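Q:
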Amino acid sequence: MFIDYITLMLINMVAGLLLLAYYVYEGIDSPRQQKWIPGFGVVGAIALTTGLHMIFTWPVIGSFNIAFGETSVLFGVLFVGSAIALAQGWELTTLAIYAFFAGIVSVVIGVRILNLGLTKQPVLSGIGFILTGLAGICAAPTLYLKANRAWRLIGVGVLVVAALIWAITGYLAYWGHLESFGKWVPLPMR
C-alpha cells in the first residue's frame with residue numbers, strides 16, 4: 023500500500039483556482055491587494071509542501087509523482103510568491119512570466135495524460151491540466167490587459183471550469199479512497 027494524498031492536493035488546487043478566479047474578476051485592479059495575501063499564502067504553502075514531499079519521496083505509483091508532484095510545486099511557488107509580492111507591494115509581472123512556463127508544463131502533462139490514458143479518468147484529468155496550464159500561460163497578458171473586462175471574464179471562465187474539473191476529480195477520489203484505504207494499517211501496527 024502506498025501513501026496517497028493527491029486528494030488533498032486536488033482540493034487545495036480547487037480552492038486556489040477559485041481564489042485566483044475571484045482575484046482576476048474583482049481584485050486584480052483593486053487598491054486593496056492585501057486582502058488576497060492569506061488565501062494565496064495558505065494555498066501556496068499546502069501545494070508547495072505536498073509537492074516537494076511527493077517529488078522527493080515518490081509515494082505514489084508510476085509517473086503520477088511527476089504529473090501531480092512537480093506541478094504542485096510550480097503551483098505552490100506561484101501562490102507563495104504572489105502572497106509575498108502582494109504583501110510587499112511588488113508587481114506581479116515576473117511571477118506571470120514564471121506562470122507562462124509552468125503553464126506550458128501543465129499543458130504538456132495534460133496532453134500526455136490523454137495520449138497515454140493515465141488516471142482513472144484520462145479525458146477529465148487531461149482537460150483539467152490543459153485548462154489550468156492555459157490559465158498560467160495567459161497570466162502575463164491578463165496583467166497587461168487588466169482593464170479589458172471581456173478578457174478577464176474569459177480567464178475567470180477558464181479558471182472556474184478547471185476548478186470544477188479538479189473538484190469532481192478530487193471529491194470522487196476522496197469517496198473512493200475512504201473505501202480503498204479503510205482497512206489499511208500502518209507498518210508498526212501490523
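Position one of the sequence shown corresponds to residue 23 (the numbering used here), numbered consecutively onward.
Even for Gly, the Cβ is constructed at its ideal location relative to N, Cα and C.
Note that the structure is predicted; figures quoted are calculated from it, not measured.
For I28, which residues from the same chain have a beta carbon less than 6 Å from its beta carbon, with the 5 sequence-adjacent residues on both sides left out?
A: Here residue 28 corresponds to residue number 6 of the sequence shown, with the count starting at 1. Taken in chain order, the residues that qualify are F90.
Q: Which of the three DSSP states, helix, strand or coil, is assigned to R171?
A: For the purposes of this step, residue 171 is taken as residue 149 along the sequence shown, with counting starting at 1. DSSP places R171 in helix when its eight states are reduced to three.
Q: Exposed or buried, S52, counting other C-beta atoms within 10 Å across all chains shown (16 or more means buried)?
A: Taking the sequence shown and counting its residues from 1, one reaches residue 52 at position 30. Looking at its Cβ environment, which holds fewer than 16 other Cβ atoms inside 10 Å, S52 is exposed.
Q: Is the number of C-beta pairs between the region 161 to 175 and the region 189 to 199 that are closer than 8 Å three or more?
A: Because the criterion of three Cβ pairs below 8 Å is not met, the region 161 to 175 and the region 189 to 199 do not touch.
Q: Could you check what DSSP says for Q56 in three-state terms: helix, strand or coil?
A: Along the sequence shown, one-based indexing puts residue 56 at 34. It is helical.
Q: Tell me the DSSP secondary structure of S128 in three-state form.
A: Against the sequence shown, residue 128 aligns to sequence position 106. Three-state result, S128: helix.
Q: CA-CA distance, C160 and G177?
A: Within the sequence shown, residue 160 is the residue found at index 138, counting from 1. Within the sequence shown, residue 177 is the residue found at index 155, counting from 1. So the two alpha carbons sit approximately 8 Å from each other.
Q: In three-state terms, what does DSSP make of P210?
A: Translated into the one-based positions of the sequence shown, residue 210 becomes position 188. Three-state DSSP puts P210 in a helix.
Q: Is E201 helix, strand or coil by DSSP?
A: Reading the sequence shown from its first residue, position 179 is the one you call residue 201. Note: E201 maps to helix in three-state DSSP.
Q: The alpha helix (DSSP H) with N34 in it runs from where to where?
A: Here residue 34 refers to the residue found at position 12 when the sequence shown is read from its first residue. Segment 28 to 44, the alpha helix (DSSP H) holding N34.
Q: Work out the CA separation of A121 and T164 for me, nearest whole Å.
A: On the sequence shown, position 142 is the one that residue 164 refers to. On the sequence shown, position 99 is the one that residue 121 refers to. Looking at the two C-alpha atoms, the distance is approximately 12 Å.
Q: Do the region 37 to 46 and the region 76 to 91 touch if we need at least three Cβ pairs shorter than 8 Å?
A: Contact between the region 37 to 46 and the region 76 to 91 is absent, because fewer than three Cβ pairs lie under 8 Å.
Q: Taking the continuous alpha helix (DSSP H) assigned at Q110, which residues delimit it?
A: Taking the sequence shown and counting its residues from 1, the one referred to as residue 110 is at position 88. Note, Q110: alpha helix (DSSP H), 93 to 110.
Q: Between which two residues does the alpha helix (DSSP H) harbouring P163 extend?
A: For the purposes of this step, residue 163 is taken as residue 141 along the sequence shown, with counting starting at 1. Here the alpha helix (DSSP H) through P163 covers 161 to 166.
Q: For the putative contact between S104 and F62, defined by C-beta atoms under 8 Å, what is the C-beta separation to the nearest angstrom?
A: On the sequence shown, residue 104 is found 82 positions in, with the first residue counted as 1. On the sequence shown, residue 62 is found 40 positions in, with the first residue counted as 1. Rounded, the Cβ-Cβ distance is 5 Å, consistent with contact.
Q: When you measure from the CB of A185 to every non-hydrogen atom of the ligand ADP, does any distance come out below 7 Å?
A: As for the ligand ADP, it is missing from this structure, which has no ligand bound.
Q: Near A118, which residues of its chain fall below 8 Å by C-beta distance, leaving aside the five closest residues on each side in sequence?
A: Here the question's residue 118 lines up with position 96 in the sequence shown. Closer than 8 Å at Cβ, skipping near neighbours: A161, A162, T164, L165.
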